[in-house]
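Comments concern the structure below.
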Amino acid sequence: MFSMSQPNLLANKKRRYILPCHISKESTNAVSFQWAAFPIEMSNVSMMIPSPSGSKLLVVRNPENDSPTKFEIWGPSLVEKEFYVPASAHGSVYSDGWFEGISWNSDETLIAYVAEEPAPSKPTFTTFGYKKDNSTDKECGSWKGQGDWEEEWGETYAGKRQPALFIIDVNSGVVRPVEGIGKSLSVGQVVWAPSREGLEQYLVFVGWPSDNRKLGIKYCYNRPCALYAVKAPFSKVEVHQSGTNAANDVSPIKLTQSISSAFFPRFSPDGKLLIFLSARSSVDSWAHSATDSLHKIDWSFSGKPTPDATIVDVVPIVMCPEDGCFPGLYCFSVLSRPWLSDGYTMILSSIWGSTQVIISVNVISGNILRISPGDSSFSWNMLALDGDNIIAVCSSPVDVPAIKYGSLACKVSAETSWSWLDVSSPISRCSEKVTSLLSSRQFSNMRIPVRDISENLTKGASKPYEAIFVSSKTQSRNVCDPLIVVLHGGPHSVSLSSFSKSLAFLSSLGYSLLIVNYRGSLGFGEEAVQSLPGKIGSQDVNDVLAAIDHVIEKGLANPSKISVLGGSHGGFLTTHLIGQAPDKFAAAVARNPVCNLALMVGTSDIPDWCYAETFGEEGKTNFTEATSSEHLDAFYRKSPILHVSKVRTPTLFLLGAKDLRVPMSTGLQYARALKEKGGVDVKVIVFPEDTHALDRPQSDYESFLNIGVWFKKYCK
Numbered sequence: 009m010f011s012m013s014q015p016n017l018l019a020n021k022k023r024r025y026i027l028p029c030h031i032s033k034e035s036t037n038a039v040s041f042q043w044a045a046f047p048i049e050m051s052n053v054s055m056m057i058p059s060p061s062g063s064k065l066l067v068v069r070n071p072e073n074d075s076p077t078k079f080e081i082w083g084p085s086l087v088e089k090e091f092y093v094p095a096s097a098h099g100s101v102y103s104d105g106w107f108e109g110i111s112w113n114s115d116e117t118l119i120a121y122v123a124e125e126p127a128p129s130k131p132t133f134t135t136f137g138y139k140k141d142n143s144t145d146k147e148c149g150s151w152k153g154q155g156d157w158e159e160e161w162g163e164t165y166a167g168k169r170q171p172a173l174f175i176i177d178v179n180s181g182v183v184r185p186v187e188g189i190g191k192s193l194s195v196g197q198v199v200w201a202p203s204r205e206g207l208e209q210y211l212v213f214v215g216w217p218s219d220n221r222k223l224g225i226k227y228c229y230n231r232p233c234a235l236y237a238v239k240a241p242f243s244k245v246e247v248h249q250s251g252t253n254a255a256n257d258v259s260p261i262k263l264t265q266s267i268s269s270a271f272f273p274r275f276s277p278d279g280k281l282l283i284f285l286s287a288r289s290s291v292d293s294w295a296h297s298a299t300d301s302l303h304k305i306d307w308s309f310s311g312k313p314t315p316d317a318t319i320v321d322v323v324p325i326v327m328c329p330e331d332g333c334f335p336g337l338y339c340f341s342v343l344s345r346p347w348l349s350d351g352y353t354m355i356l357s358s359i360w361g362s363t364q365v366i367i368s369v370n371v372i373s374g375n376i377l378r379i380s381p382g383d384s385s386f387s388w389n390m391l392a393l394d395g396d397n398i399i400a401v402c403s404s405p406v407d408v409p410a411i412k413y414g415s416l417a418c419k420v421s422a423e424t425s426w427s428w429l430d431v432s433s434p435i436s437r438c439s440e441k442v443t444s445l446l447s448s449r450q451f452s453n454m455r456i457p458v459r460d461i462s463e464n465l466t467k468g469a470s471k472p473y474e475a476i477f478v479s480s481k482t483q484s485r486n487v488c489d490p491l492i493v494v495l496h497g498g499p500h501s502v503s504l505s506s507f508s509k510s511l512a513f514l515s516s517l518g519y520s521l522l523i524v525n526y527r528g529s530l531g532f533g534e535e536a537v538q539s540l541p542g543k544i545g546s547q548d549v550n551d552v553l554a555a556i557d558h559v560i561e562k563g564l565a566n567p568s569k570i571s572v573l574g575g576s577h578g579g580f581l582t583t584h585l586i587g588q589a590p591d592k593f594a595a596a597v598a599r600n601p602v603c604n605l606a607l608m609v610g611t612s613d614i615p616d617w618c619y620a621e622t623f624g625e626e627g628k629t630n631f632t633e634a635t636s637s638e639h640l641d642a643f644y645r646k647s648p649i650l651h652v653s654k655v656r657t658p659t660l661f662l663l664g665a666k667d668l669r670v671p672m673s674t675g676l677q678y679a680r681a682l683k684e685k686g687g688v689d690v691k692v693i694v695f696p697e698d699t700h701a702l703d704r705p706q707s708d709y710e711s712f713l714n715i716g717v718w719f720k721k722y723c724k
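Have a look at this one:
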């Protein structure tokens with residue numbers, strides 16, 4: 009079943025579809041995909057999780073208000089069971105891709121999942137004051153107050169306070185909270201531990217400390233977390249215990265004592281190994297994202313799990329990769345069952361320079377192979393795995409996503425090879441006009457040499473960085489299309505050589521694109537990532553300027569027709585560039601930009617980010633909620649607003665009023681300062697209901713139409 013989404017502009021929502029397909033492998037070089045005639049719309053569906061055997065399907069429908077959460081168990085031809093879980097039991101089930109965790113047990117009778125803890129009761133007031141006894145919301149003469157304010161998990165998690173662990177019995181619909189965890193942990197990513205005859209069943213989950221300040225967690229892998237094991241409750245057996253020993257018996261066991269980060273737990277098919285990813289480099293350095301590592305714990309014990317298990321490295325952090333070699337792990341998701349048929353080879357999607365690739369990892373030897381085609385500059389992402397067969401999606405900046413079918417052609421370790429077949433699918437079809445426009449474009453990955461290499465730079469920070477260049481196939485070397493410089497946020501993120509509808513739209517209007525992965529981007533080794541904190545506003549700005557000069561020197565861009573587009577930290581770079589190089593750009597667009605760190609630090613859900621990126625290694629020790637005047641001065645001097653008096657570039661600002669990451673006050677202050685200065689065309693569009701990403705369908709549509717018009721006005 010392929011899950012797809014489509015923007016519904018009039019409703020300002022995304023429609024979600026399921027497209028069934030029957031796959032049969034006819035021979036080594038042929039596979040047949042029999043697609044259903046039409047997709048099926050899944051209205052108000054939050055999650056769909058097949059059971060291990062594939063004979064059942066769990067469908068979760070989260071409420072939009074205080075209505076019950078609906079659980080449906082589907083069979084081959086009908087809905088076999090449906091259960092309504094009231095808000096008094098728990099709130100919405102998490103479907104965010106991070107806290108999210110739904111896991112069937114092996115006999116498909118119980119499902120463990122993560123949902124919002126029941127909301128605390130609010131105080132009741134009447135015209136005579138506070139009312140102590142309980143009353144309903146609808147009681148005349150009284151109303152519900154607000155009660156104590158509680159910390160939330162920041163950007164995109166408004167209203168999310170405490171992810172908690174629950175189990176539902178598939179036969180009876182009885183829901184139980186998992187006992188013993190407490191409010192000191194926010195939980196997620198739950199999986200069932202392998203069951204053993206005569207032994208109690210355990211759950212393994214990720215826990216984030218949450219008893220104090222909750223800093224924003226979206227895109228922030230630098231939040232400490234650990235793996236825990238806890239005894240699973242069974243709705244069929246009522247066990248009544250009391251006393252201290254009973255309390256200790258239900259308390260979670262911390263499995264990863266010696267490492268600061270552990271997430272995405274997966275058990276090997278034989279149940280003898282627990283594998284997990286770690287972002288310990290992010291946690292230890294305070295960079296919001298960095299190079300991952302992969303680890304394992306022996307699970308072949310008898311009895312209950314222990315907190316003193318030895319953690320063994322499978323894939324260590326790569327500091328400085330050799331040219332063309334594996335740059336380290338950069339994984340943002342892991343399949344629930346990521347194993348080949350041998351039981352010890354794990355398949356992952358990971359970033360490799362400016363591309364996403366599919367790799368295999370032997371968890372016994374640690375051997376790593378790139379199994380997506382090595383000669384492809386396209387980006388590849390794994391969708392599903394069955395035995396030794398993979399379904400993947402492949403795309404480029406000028407090629408819409410296409411389905412690929414991979415199979416293991418040779419199992420000899422020294423000659424392991426994969427064959428990849430093209431799959432004709434309705435998913436990758438588009439109109440003749442779009443096909444024609446895209447067919448006239450081309451792209452390449454460029455290596456940009458670092459300018460002004462100093463003795464203080466590490467080897468990894470001295471290596472060339474990359475940029476993706478998109479242009480017309482018919483462009484003359486004498487007449488260049490106008491150039492848009494595209495800058496990603498983070499800064500520890502990456503722009504991939506994959507399809508982006510928005511960037512393809514801008515390219516189709518007749519622009520070349522220079523998509524820069526400046527040093528500090530992911531996919532190039534840990535030394536490159538860690539070279540940027542403490543140097544934002546200088547090293548990253550200079551990298552972008554060097555990339556622009558590189559394409560100008562190659563005759564690929566006209567110096568008088570260059571514009572710049574960036575969001576978040578990309579907006580930070582955009583507004584820095586038009587201030588530090590005021591004669592370089594004909595137009596600029598900034599989406600939710602970081603313009604004044606001194607203002608952002610007191611209003612953002614990630615004030616620690618401001619410290620880490622401004623002060624580098626000293627950011628962790630300098631951090632305080634009570635920012636000093638010295639720190640405020642340092643923040644201001646790192647910020648684009650320092651250079652606002654020099655700006656002469658017409659600038660469009662696109663701001664989300666509900667952005668908790670980079671509150672719109674920082675962009676609005678900068679725009680007002682430009683207007684006050686005068687002599688610069690400034691336009692501001694505010695989207696009242698949007699968060700940091702500006703990705704609601706109508707907002708995305710209006711944003712890029714305005715971007716196209718803005719660049720046409722000043723760059724054509």
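Heads up: the sequence shown runs through residues 9 to 724, numbered per this note's numbering.
Don't be surprised by glycine CBs; every beta carbon is placed ideally from N, CA and C.
Note that the structure is a prediction, hence the values are computed from the model and not measured.
query                                                                                                              : result
Assumed close pair LEU660, VAL597 - CB separation to whole angstroms, cut-off 8 Å                                  : 5 Å
Segment contact, 8 Å Cβ cut-off, at least three pairs: the stretch 405-415 with the stretch 502-517                : yes
Beta-bridge pairing of PHE719 - partner residues as DSSP gives them                                                : Paired residue(s): none; PHE719 is not in a bridge.
Alpha-carbon to alpha-carbon, ILE305 and LYS280                                                                    : 9 Å
Beta-carbon proximity of LYS646 to LEU605, cut-off 9 Å                                                             : yes
Status (buried if at least 16 other CB within 10 Å, exposed otherwise) for VAL632                                  : The identity of residue 632 in the sequence shown is Thr, whereas the question assumes Val. So THR632 ends up on the exposed side.
Spatial distance of LEU235 from LEU573 (CA atoms)                                                                  : 40 Å
Nonlocal neighbours in the same chain, by C-beta distance under 6 Å from MET50, ignoring five residues either side : ARG24, ILE26
Secondary structure, beta strand (DSSP E): runs of 3+ residues fully inside the stretch 332-417                    : 353-360, 363-370, 376-378, 387-394, 397-404
Beta-carbon proximity check, ARG656 vs ASP551, cutoff 9 Å                                                          : no
Own chain residues within Cβ distance below 8 Å of GLN450, not counting five before or after                       : VAL406, VAL478, SER479, SER480, LYS481
Nearest to THR466 (by Cα), restricted to the options LEU491, ALA410, LEU540, PRO131                                : LEU540
ASP548, enclosing alpha helix (DSSP H) - first and last residue                                                    : 547-561
SER13 in three-state terms, based on DSSP                                                                          : strand
Separation of SER452 from ASN714, as counted between CA atoms                                                      : 27 Å
Residues that DSSP places opposite LYS666 in a beta bridge                                                         : Bridge partners of LYS666: none, in fact.
Residue interval of the alpha helix (DSSP H) (run including HIS584)                                                : 577-588
Under the three-state DSSP convention, the category GLU621 falls into                                              : helix
Distance between GLY188 and THR252 (C-alpha atoms, nearest Å)                                                      : Below a pLDDT of 50, predicted positions are generally treated as unreliable, and THR252, at 44, falls in that range; no measurement from the model is reported.
Rounded separation between LYS562 and ASP489 - CA only                                                             : 14 Å
Where PRO58 falls: helix, strand or coil (DSSP)                                                                    : strand
Check whether LEU237 and LEU263 have beta carbons under 9 Å apart                                                  : Correcting the residue type first, residue 237 is Ala in the shown sequence and not Leu. Yes.
Residue nearest to MET354 in terms of C-alpha spacing, selected from TRP360, VAL371, SER362, CYS339                : VAL371
Proximity test, PHE532 beta-carbon vs the ligand ZN heavy atom, cut-off 8 Å                                        : What this structure holds is no ligand at all, so the ligand ZN is not there to describe.
Which residues DSSP lists as bridging ILE325, in chain order                                                       : In DSSP, ILE325 forms no bridge with anything.
Alpha-carbon spacing of ALA95 relative to TYR644, whole angstroms                                                  : 46 Å
Whole-angstrom distance between VAL609 and MET9, CA atom to CA atom                                                : 44 Å
Range of the contiguous beta strand (DSSP E) that encloses PRO695                                                  : Note on residue identity: the sequence assigns Phe, not Pro, to residue 695. Start and end: 690-695.
Touch test, the stretch 159-169 against the stretch 212-231, Cβ-Cβ under 8 Å, three pairs minimum                  : yes
Status (buried if at least 16 other CB within 10 Å, exposed otherwise) for ALA634                                  : exposed
Cβ pair ASN20, ARG599 closer than 9 Å                                                                              : no
Local conformation of ARG69 per DSSP, three classes                                                                : strand
Proximity to GLU147 [Cα-Cα], best of GLY155, GLN154, THR134                                                        : THR134
Rounded Cβ spacing between ARG455 and ALA554 (contact assumed at less than 8 Å)                                    : Contact doesn't hold; Cβ gap of about 12 Å is too wide.
Coil, strand or helix - TYR473 by DSSP                                                                             : strand
Pick from SER373, ALA123, ASP156 that is closest to SER129, judged by C-alpha positions                            : ASP156
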